[in-house]
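Q: Just so we're aligned: the sequence shown equals residues 1171 to 1539 in the working numbering.
Glycine included, C-beta positions come from ideal geometry on N, C-alpha and C.
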Amino acid sequence: MSVKSYQHQGVKEMPSQAHDPDRVAEMILRGTDAGGKTYVFDEQHDPTKPTQWWFQESDEGLVLFVVFYTQACRWSRCLACNLPSTCSKHNVPWRDLLAQINFIFNLPEVQEKKMKIRRFIASNNGSVLDQDTFSSMALMHLVVMVNLYFHNLEVFTVETRPEYVEAPELDYLARGLSEGDTPTTLELAVGFEAFDEHVRNDLLFKGLSLEKLERLVASMAPYRFRLKCYLMLKPVPGMTREESITDIHNAITYLTQLSEKHLDSVTGEPLVRINIHVNPTYVAKGTPLEPAFAHGNYKPPTLRDVALAVLPSEASPLTVFISLYDEGLAVPDGSFRRPGDEVLATLIESFNSTQDYDFLRRVVELTEP
Ligand code: SF4
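(1) Please classify L1536 as buried or exposed, where buried requires at least 16 other C-beta atoms within 10 Å of its C-beta.
(2) Could you round the C-beta distance between P1230 and E1324 to whole angstroms and report it? I think they count as a contact, below 8 Å.
(3) Which of the three DSSP states, helix, strand or coil, is assigned to M1285?
(4) With a cut-off of 8 Å, do at least 3 Cβ pairs link the stretch 1354-1365 to the stretch 1319-1335?
(5) Would you say P1254 touches ligand 1, meaning its beta carbon is less than 7 Å from a heavy atom?
(6) In whole angstroms, what separates the C-alpha of T1127 from that of P1278?
(7) Quick check on the DSSP output: the alpha helix (DSSP H) that includes Y1342 runs from which residue to which?
(8) Decide if M1402 is buried, meaning its Cβ has at least 16 other Cβ atoms within 10 Å, or exposed.
(9) So, is V1181 buried or exposed, given that buried needs 16 or more other C-beta atoms within 10 angstroms?
(10) Ignore the nearest five residues each way along the sequence and tell me which others in V1313's own chain have a CB closer than 8 Å to its CB.
(11) Would you say the beta carbon of G1361 comes nearer than 7 Å to a heavy atom of ligand 1?
(12) What is the rounded straight-line gap between the Cα of S1429 and the Cα of T1240?
(13) Three or more C-beta pairs under 8 Å: does that hold for the stretch 1282-1289 against the stretch 1480-1495?
(14) What residue range is occupied by the uninterrupted beta strand (DSSP E) comprising T1355?
(15) To test your reading of the DSSP string, which unbroken beta strand (DSSP E) runs of 3 or more residues are found completely within the stretch 1356-1409?
(16) Look up H1447 in the DSSP assignment and say whether it is helix, strand or coil.
(17) Among the candidates L1318, G1456 and G1377, whose CA atom is the shortest distance from the CA of P1332?
(18) Count the C-beta pairs between the stretch 1441-1454 and the stretch 1390-1401 that are closer than 8 Å, then say yes if the count reaches three, no if not.
(19) Tell me which residue opens and which closes the beta strand (DSSP E) that S1228 is part of.
(20) Should T1256 and D1212 be called a contact, given that it needs their Cβ atoms to be closer than 8 Å?
(21) Say the cut is 7 Å; is the CB of R1370 nearer than that to a heavy atom of ligand 1?
(22) To which residues of the same chain is H1178 closer than 7 Å at the C-beta, ignoring the five residues directly before and after it?
(23) Compare the Cα-Cα distances from S1379 to each of L1514, P1217, L1249 and E1363 and report the closest residue.
(24) With a threshold of 7 Å (Cβ to nearest heavy atom), would G1408 be considered close to ligand 1?
(25) On a Cα-Cα basis, can you pick out the residue from T1451, K1455 and E1460 that is closest to T1472?
(26) For the alpha helix (DSSP H) containing T1546, list its first residue and its last residue.
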């Protein structure tokens, strides 16, 4: 697959100065093509309703995760990702996004649990901080609604590529969130995916250098914002299970050192707390993983691999969340969850909500070859 140099560097592809949804659509199609994707976009979705939402438990308590329906990710080329297929190729107007936000806050289950929600994760299966795909006015409205409804919120997370993070936006979000009833920290969630530079940029087409991630962390330190790094276990064909487990170990070492670069001068605590969110890779429909899987050149990781990959983080200051959800985007039999994995999945869920590594050791014991 030929890949132009800008694809590796993660250079921010700017649309014309005025917002131009057609030009953004061209960028999306260029990225889709460069990534060898064959999926189509979802133009049938009701634009006044989010794509998906769900509750999950973490060590901090209840999490509400919402994926808003917007124009797709402008990057769109990461090899194993078909998240843009849940989005529109076209602009979703800000009025529709406001309707999606109001829809979520009016849901009976959200109303019922609103005092228990400790973390809200805002996603659009792309970059929430890219104003060309997620309206700034809608983001402002979202902060207002979070402040109005979630009185016990500790963390407000937004998913984004680092190149869309701008200092004025961080200022605005920090100020807006500080006006709520309880102090709420902003967390930026970025796809780091793989530590190995060749895997991350040459094979996965992530377009993210270590320098860019380090600059992002330096810009977050004065605000004490948090960072969530998505990591993929075994993201590309040709990686052995041992190599993929070692890559997560290397990412844990690197991110630990990164968090120790910026310390509070009084307490010695990291200014930027880092959480790793480990996604065991599934075979996403319409991506190059699909033919590789069909021809026997790719096998998803197992839950044992995930436990072995994550165990070394016990000795680090990082917190960990292991995803067990393929968002319904895997091909048949292409998930990392296999029949009979229920007990292992329950142990991993217990780990997620307690950070007790004995649950992961139990997964390893139960799957001893
Ligand atoms: S992983 Fe993220 S940045 Fe990459 S194509 Fe998917 S949505 Fe876009």
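A: Concretely, from the data shown:
(1) L1536 should be labelled exposed.
(2) The sequence as given places Glu at residue 1230; Pro does not occur at that position. Contact check for E1230 and E1324: beta-carbon distance about 6 Å, within the 8 Å limit, so the pair qualifies.
(3) M1285 falls in the coil class under three-state DSSP.
(4) Inter-segment contact for the stretch 1354-1365 and the stretch 1319-1335 is present: three or more beta-carbon pairs are separated by less than 8 Å.
(5) Result yes, Cβ under 7 Å from ligand 1.
(6) Limits of the chain in this structure are 1171 at one end and 1539 at the other, which puts residue 1127 out of reach.
(7) Segment A1337 to S1348, the alpha helix (DSSP H) holding Y1342.
(8) Around the beta-carbon of M1402, 16 or more other beta-carbon atoms lie within 10 Å, marking it buried.
(9) Reliability fails at V1181, whose pLDDT of 43 lies under 50, so the model's placement of it is uncertain and the value that follows must be treated cautiously. So V1181 ends up on the exposed side.
(10) Once the five neighbours on either side are set aside, the close Cβ partners of V1313 are F1326, L1343, G1346 and L1347.
(11) For G1361, the CB falls within less than 7 Å of some heavy atom of ligand 1.
(12) Near 32 Å, if we compare the C-alpha coordinates of T1240 and S1429.
(13) Not touching, per the Cβ criterion.
(14) Unbroken beta strand (DSSP E) run through T1355: T1355 to E1363.
(15) Runs of the beta strand (DSSP E) lying entirely within the stretch 1356-1409 and spanning at least 3 residues, in chain order: 1396-1403.
(16) In this structure, H1447 counts as strand in the three-state DSSP scheme.
(17) The shortest Cα separation from P1332 among L1318, G1456 and G1377 belongs to G1377.
(18) Between the stretch 1441-1454 and the stretch 1390-1401 there are three or more C-beta pairs closer than 8 Å, enough to call the two in contact.
(19) Per DSSP, the continuous beta strand (DSSP E) segment holding S1228 begins and ends at Q1222 to S1228.
(20) In this structure, D1212 lies closer than 8 Å to T1256 by Cβ.
(21) R1370 has its Cβ no nearer than 7 Å to any heavy atom of ligand 1.
(22) Any reading at H1178 must be qualified, since the residue scores a pLDDT of 39, below 50, and its modelled position is unreliable; the value itself is stated next. Taking C-beta separations shorter than 7 Å and ignoring five residues to either side along the sequence, the partners of H1178 in its chain run N1371, D1372 and G1377, following chain order.
(23) Of L1514, P1217, L1249 and E1363, the residue nearest in Cα terms is E1363.
(24) Closer than 7 Å to some heavy atom of ligand 1: that does not describe the Cβ of G1408.
(25) With distances taken between Cα atoms, T1472 lies closest to T1451.
(26) In the structure as shown, the chain starts at 1171 and stops at 1539, and residue 1546 therefore has no counterpart that could be examined.
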